[in-house]
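The numbers in UniProt numbering rise by one with no breaks, and the one at position 33 of the sequence shown is 33.
All residues carry an ideal CB built from backbone N, CA and C; glycine is no exception.
Predicted, not measured: the structure shown is a model, and the values here were computed from it.
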Amino acid sequence: MPNSTVLKACEQTEIDLSGAADWVPFDAPALVGDSLRFVSGDSRGDRFRARYYRDAEQHLHARFWLGPEAEGPPGHAHGGAVAAIMDEALGLAAWAAGYPIVVGNLNVSFRNMLPLRKVVTVESRVVSVEGRKIMVHGRIFRGEKTFAEAQCLCITIPGK
1 MPNSTVLKAC
11 EQTEIDLSGA
21 ADWVPFDAPA
31 LVGDSLRFVS
41 GDSRGDRFRA
51 RYYRDAEQHL
61 HARFWLGPEA
71 EGPPGHAHGG
81 AVAAIMDEAL
91 GLAAWAAGYP
101 IVVGNLNVSF
111 RNMLPLRKVV
121 TVESRVVSVE
131 GRKIMVHGRI
141 FRGEKTFAEA
151 QCLCITIPGK
């Protein structure tokens, strides 16, 4: 666990999570409420910081920063932290597309270790709809390097 000096330094650091020029900020909490607090609810946190966007095709994008409290292997994100980001971003992509869901299955493929204190991009999109089953795909990357890819089977919530 990082010492308090490191944490205080992170708390005071402004992280640039701005999106691409053609992305529009997306108010995720207005759509799903407090359920986003687990991963991206603390905009000044030392574990995750996130900002969501949509593009012209209504695909969901996010900029994420992972801090010292998300550490697994030295200097890199814990696999559980990466999986939590994928769970939130892929589930939110379904909600943003108009499908109130819960995640039924999340399959994450770890491609490269994700360094801490770097801003990465997450993209996610609904790829198929079959009755109550919504399939969403996504990835975490920075430049040409992919850190993780995921497929998520979501199930719509009856009566929503």
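When C-beta atoms of the segment 68-82 are compared with those of the segment 122-131, fewer than three pairs fall below 8 Å, so the two segments do not count as touching. CA-to-CA, the gap between Phe48 and Val39 works out to about 7 Å. Collapsing the DSSP output to three states places Gly75 in coil.
Secondary-structure assignment with DSSP links Met135 through a beta bridge to Ser128, Leu153. Inclusion of Cys154 and Gly98 in the CB contact set at 8 Å is not warranted, their separation being larger than that value. For Leu31, the enclosing alpha helix (DSSP H) starts and ends at 28-32.
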